[in-house]
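Working notes, structure below.
Residue numbers (UniProt numbering): 1 to 205.
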C-alpha cells in the first residue's frame, strides 16, 4: 500500500488474526470510517499490546468467522459486499464494504534447501539450525534472519540485523582466520575516521 490516505472515510474489512492484520487494523481505525476484522480462530494471535489496543478500539472483530463470498459491483470492477460465515454457529452476515485486505501470512518455500546436496541440518522442516554466530552444519555456509533458528533467537527485524552482522563476521573469519574476531561499528573504523571528523566540523559550523 502506497498510502493510508486511500482508506480515509472508507469501510474496510481485514481478514486475518496475526501481527500484520492487527497492525493494519490499528493503523486504519483513526482513518477509516469503519474497520472490521474477521478471523477463523477464537482469538487474535498478535502481540498482546496491539491485540488489546485493537479490542479496545472502535473496530469490530468477528471470531470463528471467515469470508465465504465476495459480491461485486454491477461492472465487476469493485467489491461492494462480503459474506461472513461463523463456522461455530453457522450464522451468515453480509457487510457493505469499500475495501478488503487479506492478511493470511505467507508461504514458506524451502525447496532450495531440501534439494541441496549439502548436508544442511534443518529444524522443523524449514529453518536452518545455526548458532548465534550464524554457523550451520556446513563449514563456510552461514544463515541469518528468519531462516535461521537457535536458542535465544529473536524473531524481529532488529534480531535479523544482528544475525546478519554476526554471520558476515563469521564468514570473514572463515576466509581470513586472523581477522578481527568482532564486528566494528563504522564510527570506530579507521576508514571512516576522516569522514566522521569532516561531518563533526560541518555540524559545529
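In this text, a Cβ means the ideal position worked out from N, Cα and C, and glycines have one as well. Keep in mind that this is a model prediction, so the values were computed, not measured.
Query                                                                                                              : Result
CB of residue 97 within 7 angstroms of CB of residue 58, strictly                                                  : no
Cβ neighbours of residue 93 in the same chain (closer than 6 angstroms, five flanking residues each side left out) : 84
When 52, 54, 100, 48 are compared against residue 68, the one with the closest alpha-carbon                        : 100
Local conformation of residue 118 per DSSP, three classes                                                          : coil
Residue 50 vs residue 22 beta-carbon contact at 7 angstroms                                                        : yes
Residues that residue 174 bridges to, as DSSP identifies them                                                      : In DSSP, residue 174 forms no bridge with anything.
Under 7 angstroms between C-beta atoms of residue 174 and residue 140                                              : yes
Of the residues 180, 168, 156, the one placed nearest residue 47, counting alpha carbons only                      : 156
Residues bridged to residue 142 (per DSSP)                                                                         : 135
Assigned secondary structure, residue 80 (DSSP; H/G/I helix, E/B strand, else coil)                                : strand
Segments assigned beta strand (DSSP E), at least 3 residues, entirely inside the stretch 92–118                    : 92–96, 99–102
Boundaries of the beta strand (DSSP E) in which residue 29 is found, first to last residue                         : No beta strand (DSSP E) holds residue 29; DSSP gives it neither H nor E.
Same chain, Cβ closer than 6 angstroms to residue 142, neighbours up to 5 away in sequence not counted             : 134, 167, 170, 171
Alpha helix (DSSP H) segment containing residue 52, residue limits                                                 : 48–55
Counted within 10 angstroms of its Cβ, other Cβ atoms place residue 163 as buried (16 or more) or exposed          : buried
Sub-7 angstroms separation of residue 25 and residue 54 beta-carbons                                               : yes
Three-state secondary structure assigned by DSSP to residue 19                                                     : helix
Opening and closing residue of the beta strand (DSSP E) in which residue 61 lies                                   : 60–62
Where residue 89 sits in the DSSP three-state scheme                                                               : coil
Where the beta strand (DSSP E) containing residue 179 begins and where it ends                                     : Looking at the DSSP string, residue 179 is not in any beta strand (DSSP E), and its letter there is neither H nor E.
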